[in-house]
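In this note's numbering, the protein residues as written are -11 to 401.
Quick reminder that beta carbons are idealized off the backbone N, C-alpha and C, glycines included.
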Amino acid sequence: MQLVTVGKKSFSDYLQFIDQKTEIELKYLVEKLKDKRIAMINATSYGGGVAEKLHSIIPLMKDMGLNVDWWTILGHEEFYKVTKSFHNRLQGQEGELLPADIDIYLKYNKMNASYMHDWQYDFFVVHDPQPAALIKYRGKKEGEKWIWRCHIDTSTPNPEYWDFLYEYLLDFDAWIFTMKGFVNEDSDFKNIVYITPSIDPLSPKNIPLEKEDAKAIINKYGVDTQRPLISQVSRFDPWKDPLGVIDVYKIVKKELPSVQLALIGSMASDDPEGWDYLYRTLRRAGEDYDIIIITNFNGISNLEVNAFQTASSIVLQKSIREGFGLTVAESLWKGTPVIGGNVGGIKLQIEDGVTGYLINTVEECAQKALKLLRNPLLAEEMKEAAKEKVRREFLVTKNIADYLRLFYNLSNN
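Structure representation (structure tokens):
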């Protein structure tokens, strides 16, 4: 297990985003929980939405006076290949759970649990399938509360994978899902809490950028800022459908030849499949020089992502299955119109026709993109409603409040 070092943040800087009632409640909860110890556990400290959220949540909790640590599990490529299969199968992909995969999964959970025997925490928050079996090999001590935080859609999972994992999940004291529709209806969890992910409005990815500054940044990556730009920011993953995004672009380009496409992705250490899908995406793009494909290995950091989301004419999140799709909230916060797949947590963020558009097919996505590109006033009309929705529902301050309410309720149960 590895303890993650996080930066420093000041919670007082975030008071501008919350109302007085919430501020009073947070002070009360911190006072009640200040003597409790909290451990957040996940698979990786960089790449992917979970790590990104924890890099905001943990420093703010610490600054508020809470005793919280963030740990990542140790693993090699064989483990991450297996857990990537878990991720896909729990979202419904077909496939057989092989005995060799079970052995690999349990071997690494057992190994990581061996580091935890002397740990003294009141709350353990275990994120996603990768470390879910720690609870068996570490064991629960008296007074401890274990919480499983699921960031994916497990509503219709591969039964073989779900049945295996379910035996470990039953030992937890509470279960966090993003929305009701993500819970397998055959599960027997008694203490479910629904918490949507959040964005950090003061992180480099989300601080306000002037349009011209954003254009200057993306121009360095070959974007002609005098022409319309469609972007998608997400992992190179079949569920994010980057191949479908290219198909959308090709339809739009037939009617608007000046349009450009940018696909921006972060390659996560726990996602070896991502490289294979990146190469598939590059092959689909071919030699079209108006398609720009870049990753964090091309110098893309949070500031550059911010610039692409700010300067784009439209942001897509054309997911086929989606845990949440936080890039939707990021783009809405910047006032950029978003067209998203009509799936998962995207449906919570986009009010169809009010803050963006929800779509089901490549053709429908292309039609909505053409509509926005031809009618820029529509984007302006959506801007204020979109930003207010994000402020109310999807900022890190709300995420922290939801966690603290859960800790408080468990400690008094």
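- Annotation for glutamate 339: Ala373, Lys377 place their beta carbon closer than 8 angstroms to its own, counting only its chain and skipping 5 residues before and after.
- Boundaries of the alpha helix (DSSP H) harbouring methionine 99: 87 to 101, taken from the DSSP string.
- Boundaries of the beta strand (DSSP E) around valine 56: 55 to 60.
- A distance below 8 angstroms separates the beta carbons of valine -8 and serine 33.
- Closest in C-alpha terms to phenylalanine 296, from the list Thr324, Gly262, Leu270, Gly311, comes Thr324.
- In this structure, the straight-line span from the alpha carbon of isoleucine 29 to that of serine 254 is close to 21 angstroms.
- Per DSSP, arginine 271 is one residue of the alpha helix (DSSP H) stretching across 261 to 273.
- Within a 10 Å sphere around the beta-carbon of leucine 48 sit 16 or more other beta-carbons, which makes this residue buried.
- Residue environment analysis places proline 189 among the buried positions, since at least 16 neighbouring C-beta atoms fall within 10 angstroms of its C-beta.
- About 21 angstroms separates the beta carbons of isoleucine 280 and glycine 328, which is beyond the 8 angstroms limit, so they are not a contact pair.
- Cβ-Cβ distances below 6 angstroms link lysine 203 to Thr213, Ala299 in the same chain, with the five nearest sequence neighbours on each side left out; the list follows chain order.
- In this structure phenylalanine 74 touches tyrosine 149 by the C-beta definition: roughly 6 angstroms separates them, less than 8 angstroms.
- By the neighbour-count criterion, in which a residue is buried when 16 or more other Cβ atoms sit within 10 angstroms of its Cβ, tryptophan 263 is exposed.
- Going by beta carbons, phenylalanine 165 and isoleucine 180 fall inside the 8 angstroms limit.
- Here isoleucine 338 carries a coil assignment [DSSP, helix/strand/coil].
- Judged by their CB atoms, valine 38 and aspartate 141 are not nearer to each other than the 8 angstroms cut-off.
- Fewer than three beta-carbon pairs drawn from the stretch 389 to 399 and the stretch 342 to 356 are found closer than 8 angstroms, and the two stretches are therefore not classed as touching.
- Within the same chain, Trp136, Phe177, Ile180 come within 6 angstroms of tryptophan 163 by CB-CB distance, once the 5 residues on both sides are set aside.
- Excluding sequence positions up to five before and after valine 233, its CB lies within less than 6 angstroms of the CB of Gln220, Leu304, Lys306, all in the same chain and listed in chain order.
- In terms of CA proximity to glutamine 79, Pro145 leads the group Pro145, Gln108, Ala389, Glu381.
- The Cβ-Cβ distance between lysine 98 and tyrosine 68 does not fall below 8 angstroms.
- Per the C-alpha coordinates, the member of Phe170, Thr60, Thr283 positioned closest to proline 119 is Thr60.
- The alpha carbon of proline 245 has as its nearest neighbour, out of Leu217, Leu251, Thr269, Asp229, the alpha carbon of Leu217.
- In the DSSP annotation of this structure, alanine 162 is not part of any alpha helix (DSSP H); the continuous beta strand (DSSP E) holding it starts and ends at 162 to 165.
- With a contact defined as Cβ atoms closer than 8 angstroms, arginine 215 and glutamine 248 qualify at about 6 angstroms.
- Within the stretch 144 to 220, the complete beta strand (DSSP E) segments of 3 residues or longer fall at 162 to 165, 180 to 182, listed in chain order.
- Relative to tyrosine 265, the option among Lys228, Ser301, Ser175 whose CA is nearest is Lys228.
- In this model, threonine 283 and leucine 270 are separated by some 12 angstroms (Cα to Cα).
- Going by DSSP, tryptophan 134 is part of no alpha helix (DSSP H) but of the beta strand (DSSP E) stretching over 133 to 137.
- A direct Cα-Cα distance of roughly 19 angstroms separates methionine 52 from glutamate 40.
- Between the C-alpha atoms of lysine 193 and valine 293 there is a straight-line separation of about 6 angstroms.
- Annotation for tyrosine 156: Ala120, Ala121, Ile123, Lys124 place their beta carbon closer than 8 angstroms to its own, counting only its chain and skipping 5 residues before and after.
- For the stretch 220 to 246, the continuous alpha helix (DSSP H) assignments of 4+ residues that do not extend past its boundaries occur at 230 to 243, in sequence order.
- Under the DSSP assignment, isoleucine 308 falls outside any alpha helix (DSSP H); it carries neither an H nor an E label.
- Annotation: alanine 120 is outside any alpha helix (DSSP H) and is labelled neither H nor E by DSSP.
- Non-local C-beta neighbours of lysine 199 in its own chain, meaning closer than 8 angstroms and more than five positions away in sequence, comprise Thr298, Ala299, ordered along the chain.
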